[in-house]
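Those sequence lines, one after another, are chains A and B.
According to my numbering, the first sequence is numbered sequentially starting from 1.
According to my numbering, the second sequence is numbered sequentially starting from 1001.
Note sheet for the following structure.
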Amino acid sequence: MAKFNMTPLKTKMPEQDPTIRNGNFLEVTTGYTPQMAHEEATRCLNCKHKPCVAGCPVNIDIPNFIKSITEGNIEEAYEIITRTNSLPAICGRVCPQESQCELPCVRGIKGEPVAIGRLERYVADYMLAKETFTFDVPKPTVKKNKKVAIVGSGPSGLAAASDLCDMGYDVTIFEALHKAGGVLVYGIPEFRLPKLIVEKEIERLKTKGVKIELNMVIGKTVSIQELHDEEGFEAVFVGTGAGLPNFMNIPGENLNGVYSANEFLTRVNLMKAYDPSYDTPIYFGTHVAVVGGGNVAMDAARAAKRLKAEHVSIVYRRSEQEMPARIEEVHHAKEEGIEFHLLTNPTQILGDKGWVNGMECIKMQLSEPGPDGRRRPVTIPGSEYILDATSVIIAIGTSPNPLIKSTTKGLDTNKWGCIVADPETGQTSIPYIFAGGDVVTGAATVILAMGAGKKAAAAIDKYLGR
Amino acid sequence: MYKILEKKNLNNEVVYMKVAAPAVAKKCEPGQFIILRANETGERIPLTIEDYDRKEGWVSIVFQKVGKSTYILGTLNEGDYILDFVGPLGIASHTEGMEKVCVIGGGLGCAIAFPQAKKLFKNGAHVDIIAGFRNKSLVILEDEMKSNSTNYYLMTDDGSAGEKGLVTAKLKELIENGANYDTVIAIGPVIMMKFVSLLTKEYGIRTIVSMNPIMIDGTGMCGGCRLTVDGQTKFACVDGPDFDGHKVDFDGVLQRLSMYKEEENHQCNLFRGIE
């Protein structure tokens, strides 16, 4: 019996010094060494009841892959993870493990839980670094001779495509942009998720047999009905995400220097505005105010800091406790010098000659908990003040893009524009169309979208095998 | 990769390209646009579709070399490939019920106005075209527009070709002389569309303008192309590009178009070796 490492704390993740990393776009955390991985893996008690597995939206056999790490068998660990998760290098980095697999971990009762996410990343990175890697992918053995279309190459689409390909279906992903990956390439910045990692994971799916067609806007270039009726796709999975930026509808929002977080991050990530060899313009001046308290707000603020903005502020109407961003992201943002204006809400954006030159804000306080237990932010009258700003980035959420809905007759959506789909199967009001991820739930996480993609893949298999 | 089947320089600044893009050609309608990326490091450039042939599988575009990305695009030749080419995007122009129309094109806007004029004319509408340019050397699509209109009026700022004067002066003259248009379609510089709209408002003539603002994806994702129409925020890429000229906040549009002017000029001059 192996000896357990009873240290109460997680093995520390090596990371770039905050004062250095806020000037570059390299990854913040640099990953475990083999020794660190072994040390952390031996903290896992390999519990019989495996509470962590139930906490994982794609039910990775966590104790078993960790056991393989303790035995030094990383290939086996990878094989175990990829049985249910086709994008481990990505999930190991961007999953909110603290509220999923690591939350019920027995080691978390006295001390910190096992660093499951960091170990998953270690295993995936180890394999991705191998030169022969892409050739190791087993190809599906049984061919089903049935075509399935996937709309959107984000997390849900990639997960659905991977599983359907393994089942033997002829799978084609249609992507509107010029690069595959959806939010993984246009939204999440390089310093949190290196694009090379995303490329490699997608390359692996292609080696397996998944086809990807770029520059195809479904609903415009070709409709879902045409894919089904004319091009022989017997089922269609819609994973188009929540790509439509919400604005605040306050005065001054159309001034020059006001960006949706989507536009700002797309310029930086997809269009690589941080890289001088690209021609993408971006303008923000010296004082950037980011409105919102989610991961997207943190990403935008930290990207602006790296692009050499002198002052970057997060403006959020509730307190830190209510912030939807991951604790780790907030912590990293603070370390990097992002200023936090909490319990603060913008009332108007001020301009001079058409350009942003300030933002009027009002102080907020939290009400007593209402019947739903939530404390609402209410304004403190007379507390208005002006925040220095040369640029404002609006990161208050996104809604599903109406393109598919408006071009697919009979596809039901709810009052928020989300596609109505069966929570267990993803099936929509049109039997051959399935949907999952943000387009169904509204903006959520990468791993939840992947879980939805996997469920839909299983349901599509059942539907086509009828 | 999308092959350039034909390339013509319409004048020193304006280039015509016919591009093999069967999927776009199969679906597109006048008024819609495409987004292209000439090379890996280039910007995504939105361009309105000038013409198309569904059977031969091509669409044509006309663009002005104004920034680095359009200059690089202009260096490509017949037989070369454009890296990315996506579309058709935006809502097609509504031409139903239009019987007596004045189509106004300002400069490069003529290339965008042309497919609409052609469609209307083919459908039997009375189509007057007023084409305006700064001077003779910038005149484009004269023959094409002549053969797809009832009357063609050429205007230049300096009188070096056609009549001297602004398109609005000609429009006013035609209206005053009893042209009785049911619709005016104005496509060109924002300032031109603004003044055409102000004029037609006086006469109560429905006016449609086409917006070509800054955008990235063209599918509603970035919100960079937002403008105010009738007091509401609209995205030109998915709600347009055509809008009711009497409801557009043109001054807001003008202001947003200036956003990257300085950087664009700088990058472009660097590329051309001027700086």
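Every residue gets a Cβ at the ideal spot worked out from N, C-alpha and C, and that includes glycine.
On a predicted model such as this, the values are computed, not experimentally measured, just so you know.
Shown here for residue 100(A): same chain residues with a beta carbon closer than 8 Å to its own, the five before and five after excluded, namely 55, 56, 57 and 447 in chain order. Under the three-state reduction of DSSP, residue 1246(B) is assigned to coil, being neither helix nor strand. Burial state of residue 1230(B) is exposed, judged by a 10 Å Cβ sphere holding fewer than 16 other Cβ atoms.
By the neighbour-count criterion, in which a residue is buried when 16 or more other Cβ atoms sit within 10 angstroms of its Cβ, residue 1194(B) is buried. In the structure shown, residue 318(A) falls within a coil segment according to DSSP collapsed to helix, strand and coil. In this structure, the alpha-carbon of residue 1256(B) lies about 14 Å from that of residue 391(A). Between the alpha carbons of residue 144(A) and residue 237(A) lies a distance of about 17 Å.
Annotation: residue 1191(B) has no Cβ neighbours in chain A at a cutoff of 8 Å; minimum Cβ distance is about 15 Å. DSSP, read as helix, strand or coil, puts residue 64(A) in helix. Two segments are said to touch when three or more pairs of C-beta atoms, one from each, lie closer than 8 Å; by this definition the segment 409-423 of chain A does not touch the segment 15-34 of chain A. Contact between residue 1188(B) and residue 1104(B) holds: their C-beta atoms lie close to 7 Å from each other, under 8 Å. DSSP, reduced to helix, strand and coil, places residue 313(A) within a strand of the structure shown. Between the alpha carbons of residue 1218(B) and residue 1089(B) lies a distance of about 7 Å. The alpha carbon of residue 43(A) has as its nearest neighbour, out of 232(A), 112(A), 294(A) and 182(A), the alpha carbon of 112(A). Residue range 1068-1075 is occupied by the alpha helix (DSSP H) that includes residue 1074(B). Residue state for residue 52(A) is assigned as helix, using DSSP reduced to three classes. Beta-bridge analysis with DSSP links residue 1058(B) to 1020(B) and 1053(B). Residue environment analysis places residue 367(A) among the exposed positions, since fewer than 16 neighbouring C-beta atoms fall within 10 angstroms of its C-beta.
Spanning the alpha carbons of residue 350(A) and residue 252(A) requires a straight line of approximately 6 Å. By the rule that beta-carbons nearer than 9 Å mark a contact, residue 284(A) does not touch chain B.
Close CB contacts of residue 1203(B) within its chain, under the 8 Å cut and outside five residues either way in sequence, are with 1175 (chain order).
Between the C-alpha atoms of residue 83(A) and residue 60(A) there is a straight-line separation of about 8 Å.
By a beta-carbon distance limit of 8 Å, residue 115(A) contacts residue 40(A). Their separation comes to about 5 Å. Chain A has no Cβ within less than 9 Å of the Cβ of residue 1141(B). A Cβ-Cβ separation of about 5 Å places residue 1059(B) in contact with residue 1024(B) under the 8 Å criterion. Taking CB atoms only, residue 359(A) has no neighbour in chain B less than 9 Å away.
CA-CA distance, residue 313(A) to residue 117(A), rounds to 29 Å. In the DSSP assignment, residue 355(A) is bridged to 256(A) and 352(A).
Close to residue 299(A), with beta-carbon spacing below 7 Å, lies no residue of chain B; the smallest spacing is near 15 Å.
In the assembly as shown, residue 129(A) is an exposed residue. Its beta-carbon has fewer than 16 other beta-carbons within 10 Å. Closest option to residue 36(A), judged by alpha-carbon separation, among 303(A), 62(A), 49(A) and 70(A): 70(A). The C-beta of residue 431(A) has fewer than 16 other C-beta atoms within 10 Å across all chains shown, which makes the residue exposed.
Per DSSP, reduced to three states, the secondary structure at residue 1195(B) is helical. Per the Cβ contact rule, the segment 328-343 of chain A is not in contact with the segment 214-231 of chain A (fewer than 3 Cβ pairs under 8 Å).
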